[in-house]
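Chains as they are written, first to last, in the UniProt record's numbering: chain A, 1 to 252; chain B, 1 to 252. For glycine and all other residues, C-beta sits at the position ideal for the given N, C-alpha and C.
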DNA sequence: GTGTTTATCGTCAGGCAGACGACTATGATC
DNA sequence: GATCATAGTCGTCTGCCTGACGATAAACAC
């Protein structure tokens, strides 16, 4: 405990973002291509330095706006506009995680509805949504036949932890609605669960569960037919944040 | 993303520890008295700087040994000796959380069985186990009639987050056994749940639940009567880490 | 109209939790 | 030694929730 404030070892502190969304029935994460060494040309998670006057959450929110244009809303604030959900994930500080210097990275998890094409400082080709399965597999080839090199730094580990957090958190919270637009149908919400968990769910039991949980969904009165088939009721996310009893993820 | 590695803003990085145990039917945390400014004389969570060659988990384990003599075991390693459970909790980085300089603190959560008196560099009076309820209440007086000043820095927030993590984690994991000695009875385990949650549980239903969950408890064959009453079977923690279905925390 | 797709309502059986009765095995007290 | 207090352990019963799955409804494509 007794320490000399003038002799502390200096660290660089960054925030890295795991931004997840659901596109084409697949859980996708935002990846940016690195322009410099080390790991030049490799895909990485978006992130950057925390500024001297910034809180960690502020830094993460700023990076999120810079990368996606999404306005993060605080989890403690009431449900809002089309802002993404943003929460702290974990902190990574292995001495060798960045070969240049000692960097401690506070990773954050953001959940967003399906978005238009990502932007990365105007350079569209240096940022993309990629299925997490593709980003996490070692070797092999991605959808475009592009070599799927592992993510830079320890970002595969960070992404993996973020995905696991999202998978478990939609079990006992209403967070799955963060992947949906403001108004959505029960079927769209079910497809979110199916994409995040990678399983098929019974539409009838799912419907019973989500409509029977008080505060989870609020009907807006409208209907839509954008999925084909019988028109579905439109809902908005209710005020409830915790699901009790939770949504059960199928075994095995 | 484009940044100048030679121009990053320097931060101090520390680890702070929320060390929890159950004593006399109460959830207690380890607190140390601060010897210097700021917050001189106030109680705080144990912690210290991360060294240049240390991982975050290593730094937390080192601090834990220094403060309690406990040997932390990695959650990924198999169940071991009398080591405490140690996991990362969250990171706190408000620019003003330390008035001297910019400090980012990676808080860790440790769960330990009831221990002999704490030691703090040989000075027994500067470290103690205090009920979390006492440490978290603003104003008022502690057990010894001592003024219960709020914890230093943002440590009340950190402690509160750690307690909440522990409360929720014993629901769906076998982590409550980390509060018990190597061999323990069902009643002792129940009293851990009762102390951490602050509720009373039905001994019969609790017994049915924990003995009926495969892999949670392994009978050792011995019995004990240290609690008075009919001798109780002794158990050891089983290999299972996740409880499915979870232990349900009573409502309201 | 027929077929296809998706949404929604119902039914039924099994599992689990809460409430609680009953019995057992120790030590403490008279 | 009988009685009491204290804990531990085994059962029973009821209600709720889930998984499996049948049936109906409302749109579109042909």
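Span of the beta strand (DSSP E), counted from its first residue to its last, around residue 131 of chain A: 127-131
Euclidean distance between Cα positions of residue 185 of chain A and residue 235 of chain A: 6 Å
Member of A/8, A/159 and A/199 whose CA lies at the smallest distance from the CA of residue 46 of chain A: It is A/159 whose Cα lies nearest to the Cα of residue 46 of chain A.
Residues sharing a beta bridge with residue 41 of chain B, DSSP: Under the DSSP definition of a beta bridge, residue 41 of chain B lacks any partner.
Closest residue to residue 157 of chain A among A/102, A/175 and A/137 (Cα-Cα distance): A/137
Within-9 Å CB hit, residue 3 of chain A to chain B: Residue confidence is low: residue 3 of chain A scores 46 on pLDDT, short of 50, so the model does not pin down where it sits. No coordinate-derived value is stated.
DSSP-derived helix/strand/coil call for residue 25 of chain B: coil
Element boundaries [beta strand (DSSP E), containing residue 233 of chain A]: 232-237
Cut-off 6 Å between Cβ atoms - residues of its own chain near residue 49 of chain A, not counting five sequence neighbours on either side: 14
Strand pairing of residue 12 of chain A, partner residues [DSSP]: DSSP links residue 12 of chain A through a beta bridge to A/103.
Those runs of the alpha helix (DSSP H) which lie wholly inside the region 147-180 of chain B and span at least 4 residues: 155-172
First and last residue of the uninterrupted beta strand (DSSP E) at residue 61 of chain B: No beta strand (DSSP E) holds residue 61 of chain B; the alpha helix (DSSP H) holding it covers 56-68.
Contact set between the region 79-109 of chain A and chain B, restricted to residues whose Cβ is under 7 Å from the partner: Close to chain B, meaning a Cβ-Cβ distance shorter than 7 Å, are the following residues of the region 79-109 of chain A: 88, 90, 91, 93, 94, 95, 100, 101, 102, 104 and 106.
Residue 44 of chain A versus residue 248 of chain B: straight-line alpha-carbon distance, rounded: Looking at the two C-alpha atoms, the distance is approximately 40 Å.
Span separating the alpha-carbon of residue 230 of chain A from that of residue 21 of chain A: 26 Å
Cβ pair residue 111 of chain B, residue 67 of chain B closer than 9 Å: no
Under 8 Å (Cβ pairs) to chain B, residues found in the region 37-67 of chain A: 46, 47, 48, 49, 50, 51, 52, 53, 54, 55 and 56
Buried or exposed by the 16-neighbour rule on C-beta atoms within 10 Å, applied to residue 54 of chain B: Looking at its Cβ environment, which holds 16 or more other Cβ atoms inside 10 Å, residue 54 of chain B is buried.
Nearest neighbour of residue 244 of chain A, chosen from A/41, A/34, A/174 and A/99 [CA to CA]: A/174
Chain-ordered neighbours of residue 9 of chain B on chain A, where CB pairs are closer than 9 Å: 12, 13, 49, 50, 51 and 52
Which residues DSSP lists as bridging residue 33 of chain A, in chain order: Looking at the DSSP assignment, residue 33 of chain A forms a beta bridge with A/43.
Cβ-Cβ distance between residue 18 of chain A and residue 109 of chain A below 9 Å: Yes, the Cβ-Cβ distance between residue 18 of chain A and residue 109 of chain A is below 9 Å.
Nearest-angstrom Cβ-Cβ length linking residue 215 of chain A and residue 176 of chain A, presumed shorter than 8 Å: Wrong, their Cβ atoms sit about 14 Å apart, outside the cutoff.
Supposed close pair residue 102 of chain A, residue 52 of chain B - CB separation, criterion 8 Å: Contact annotation, residue 102 of chain A with residue 52 of chain B: C-beta distance approximately 6 Å; criterion of less than 8 Å satisfied.
Pairwise C-alpha distance: residue 41 of chain A and residue 127 of chain A: 12 Å
For residue 88 of chain B: DSSP bridge partner residues: B/108
Cut-off 6 Å between Cβ atoms - residues of its own chain near residue 104 of chain B, not counting five sequence neighbours on either side: 11, 13 and 93
Straight-line gap, residue 187 of chain B to residue 72 of chain B (C-alpha atoms, nearest Å): 26 Å
Buried/exposed call for residue 164 of chain B, threshold 16 Cβ in 10 Å: Counting every other CB atom within 10 Å of its CB across the protein chains shown gives residue 164 of chain B a total below 16, marking it as exposed.
Contacting residues, own chain, Cβ-Cβ under 7 Å from residue 300 of chain A (five flanking each side not counted): The requested residue 300 of chain A does not occur in the structure, where chain A is confined to residues 1 to 252.
Secondary structure of residue 216 of chain A, DSSP reduced to three states: Coil, per DSSP.
Straight-line gap, residue 182 of chain A to residue 83 of chain A (C-alpha atoms, nearest Å): Per the coordinates, the alpha-carbon of residue 182 of chain A lies some 10 Å from the alpha-carbon of residue 83 of chain A.
For residue 19 of chain B: DSSP bridge partner residues: B/110
Residue environment, residue 268 of chain A, which counts as buried when at least 16 other CB atoms sit within 10 Å: Look at the range of chain A in this structure, 1 to 252, and you will see that residue 268 of chain A is not part of it.
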